[in-house]
Amino acid sequence: MQIAATAPLRDADDLSLSYTPGVARVCEAIAEDPTVADDYTWVSNTVAVVTDGSAVLGLGDIGPTASLPVMEGKAILFKQFGGVDAIPLALDERDPDAFVDTVVRLAPSFGGINLEDIAAPRCFEIERALQARVDIPVFHDDQHGTAIVTLAALLNALRLTGRDAADTKVVISGAGAAGVAIARILLASGIRKLAVVDRAGVVHPGRTDLTPIKAEIAFETSEWGRSGQLSDALDGADVFIGVSGGTVGESAIERMADDAIIFALANPTPEVHPDIARRHARVVATGRSDYPNQINNVLAFPGLFRGALDVRASKVTEGMKVAAARALSDLVGEALTESYVIPSPFDDRVAPAVATAVMAAARRDGVARR
Numbered sequence: 030m031q032i033a034a035t036a037p038l039r040d041a042d043d044l045s046l047s048y049t050p051g052v053a054r055v056c057e058a059i060a061e062d063p064t065v066a067d068d069y070t071w072v073s074n075t076v077a078v079v080t081d082g083s084a085v086l087g088l089g090d091i092g093p094t095a096s097l098p099v100m101e102g103k104a105i106l107f108k109q110f111g112g113v114d115a116i117p118l119a120l121d122e123r124d125p126d127a128f129v130d131t132v133v134r135l136a137p138s139f140g141g142i143n144l145e146d147i148a149a150p151r152c153f154e155i156e157r158a159l160q161a162r163v164d165i166p167v168f169h170d171d172q173h174g175t176a177i178v179t180l181a182a183l184l185n186a187l188r189l190t191g192r193d194a195a196d197t198k199v200v201i202s203g204a205g206a207a208g209v210a211i212a213r214i215l216l217a218s219g220i221r222k223l224a225v226v227d228r229a230g231v232v233h234p235g236r237t238d239l240t241p242i243k244a245e246i247a248f249e250t251s252e253w254g255r256s257g258q259l260s261d262a263l264d265g266a267d268v269f270i271g272v273s274g275g276t277v278g279e280s281a282i283e284r285m286a287d288d289a290i291i292f293a294l295a296n297p298t299p300e301v302h303p304d305i306a307r308r309h310a311r312v313v314a315t316g317r318s319d320y321p322n323q324i325n326n327v328l329a330f331p332g333l334f335r336g337a338l339d340v341r342a343s344k345v346t347e348g349m350k351v352a353a354a355r356a357l358s359d360l361v362g363e364a365l366t367e368s369y370v371i372p373s374p375f376d377d378r379v380a381p382a383v384a385t386a387v388m389a390a391a392r393r394d395g396v397a398r399r
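Quick note on the numbering used here: the sequence shown kicks off at 30 and runs consecutively.
In structure tokens form, the structure reads like this:
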């Protein structure tokens, strides 16, 4: 990574324009009308990638300094796929309130906040608090990026297998950041029969051991009425989505419905090995690049932020997330097959399509400022 100027600095005239005395005129204009900072500074094209290093990839809690290579890599993806500048910020702070206070103080320098690799349930508290205190998009990619791409692939898998969303039975293994976000975006897109499973079994309103977030999910997914363990929930299920890192035995998978859909997304070891999954499912997806149908967040976040920044969105709405997923899904079109339910990250159409859909949704939802 590097920082590079967008204007030349060749001589004294250039220096007087880019710095003193010329820059003072820009400062005065912003002091008079703060909204013009979007036009005269880097704010409108720059995102902070913020972490505490507590849940980094498959490495776990490695701390803020060790997390920097991942944050830098994320910034490179922002630039490569979305044309968005991103600055890695690894904060040495585990208290959610202090973390939020720090990011709020930094927010005037950025057009958006991408939260990254923060452990649950702290990540939920931080995201909600920031959304309430700043008027720029706040997006926890481990939650919502995963959810957007999962929904996009699932929409095509449902189309391929001739299923209607309202009648489809979905089981999510994992009630952390990704599992909660996937559950909510599926509900927003028309899925009604949904069970979320954690280590103790199906998350349902009758349990007394639930965190506040899990209690919310238990209520939101109570329509199907499932209980018991993962194997019980999978009996007759149409879709399995794994974001838990555990292992699901073949005996549980074979109890699923015909033409099942299995998204085993744990990395580097999927909950169900693809070779086993294909024995019992028509569509199989993983988080890995060496198998077809990779569920990769890079399909979502560059285009989503590109669109949000371009309309100066004040927040990321559920409508913007669903619109991004549908745009991704639509790119597959008539090329849809069992091994192609989601586009490649290197498909040049991806980021522009997502950005366009996000801009339209931001305007519909009333959060666009241009």
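Think of the CB as a built atom: it goes at the ideal place given N, C-alpha and C, for glycine as much as any other residue.
Beta carbon of residue i nearer than 8 Å to that of residue j
i: Ile-116; j: Ala-60; result: no
i: Ile-324; j: Phe-292; result: yes
i: Ala-382; j: Ala-342; result: no
i: Val-200; j: Phe-269; result: yes
i: Gly-332; j: Ala-364; result: no
i: Ser-73; j: Leu-338; result: yes
i: Ala-289; j: Asp-267; result: yes
i: Ile-142; j: Ala-149; result: no
i: Ala-224; j: Arg-255; result: yes
i: Ala-176; j: Lys-350; result: yes
i: Asn-296; j: Ala-182; result: no
i: Val-277; j: Ser-358; result: no
i: Glu-156; j: Leu-144; result: yes
i: Leu-189; j: Thr-197; result: no
i: Pro-93; j: Asp-121; result: yes
i: Val-313; j: Ala-262; result: no
i: Ala-207; j: Asp-171; result: yes
i: Ala-384; j: Arg-335; result: yes
i: Pro-374; j: Phe-110; result: yes
i: Met-30; j: Ile-91; result: no
i: Glu-367; j: Arg-311; result: yes
i: Val-379; j: Val-370; result: no
i: Gly-257; j: Leu-294; result: no
i: Arg-398; j: Val-340; result: yes
i: Ala-217; j: Thr-250; result: no
i: Val-226; j: Leu-180; result: no
i: Ala-417; j: Gly-219; result: This structure gives no information on residue 417, because the portion of the chain shown stretches from 30 to 399.
Residues sharing a beta bridge with residue i, DSSP
i: Thr-70; result: None, per the DSSP bridge assignment.
i: Leu-223; result: Val-199
i: Ala-310; result: Ala-289
i: Asn-185; result: Bridge partners of Asn-185: none, in fact.
i: Val-85; result: Gly-89
i: Gln-323; result: Thr-315
Neighbour flag for residue i against chain B, beta carbons, 8 Å
i: Val-387; result: This model lacks chain B altogether; it includes just one protein chain.
Bounding residues of the alpha helix (DSSP H) (the contiguous stretch that carries residue i)
i: Arg-192; result: From DSSP, Arg-192 is part of no alpha helix (DSSP H); its letter is neither H nor E.
i: Phe-168; result: No alpha helix (DSSP H) holds Phe-168; the beta strand (DSSP E) holding it covers 167 to 169.
i: Leu-216; result: 206 to 217
i: Leu-144; result: Where Leu-144 is concerned, there is no enclosing alpha helix (DSSP H), although the beta strand (DSSP E) it sits in stretches over 141 to 144.
i: Asp-164; result: Careful: Asp-164 lies outside any alpha helix (DSSP H) and carries neither H nor E.
i: Arg-54; result: 51 to 61
i: Ala-41; result: 41 to 47
i: Pro-125; result: 125 to 135
Limits of the beta strand (DSSP E) - the one that residue i falls within
i: Pro-117; result: 114 to 119
i: Thr-75; result: 75 to 80
Cβ-Cβ separation, residue j to residue i (assumed contact under 8 Å), whole Å
i: Ser-96; j: Thr-80; result: 5 Å
i: Arg-284; j: Asp-264; result: 5 Å
i: Asp-146; j: Val-85; result: 5 Å
i: Asn-326; j: Val-209; result: Contact doesn't hold; Cβ gap of about 16 Å is too wide.
i: Glu-252; j: Ser-273; result: Going by Cβ atoms, the distance from Glu-252 to Ser-273 rounds to 22 Å, so no, they are not a contact pair.
i: Leu-215; j: Arg-355; result: That belief does not hold up - the Cβ atoms of Leu-215 and Arg-355 are roughly 13 Å apart, past 8 Å.
i: Ala-127; j: Gly-82; result: Actually they are not in contact, since the Cβ atoms of Ala-127 and Gly-82 sit about 15 Å apart, beyond 8 Å.
i: Ala-58; j: Tyr-69; result: 7 Å
Restricting to runs no shorter than 4 residues, where is the alpha helix (DSSP H) found entirely within the stretch 333 to 381? Restricted to the stretch 333 to 381, the alpha helix (DSSP H) segments that are unbroken, complete and at least 4 residues in length are 347 to 361, listed in chain order.
Which complete beta strand (DSSP E) runs does the stretch 227 to 258 hold, if anything under 3 residues is left out? Entirely contained in the stretch 227 to 258, not one beta strand (DSSP E) run reaches 3 residues.
Where in the stretch 250 to 307 do unbroken runs of the alpha helix (DSSP H), each at least 4 residues long, occur, reported from the N-terminal end onward? 259 to 263, 279 to 282
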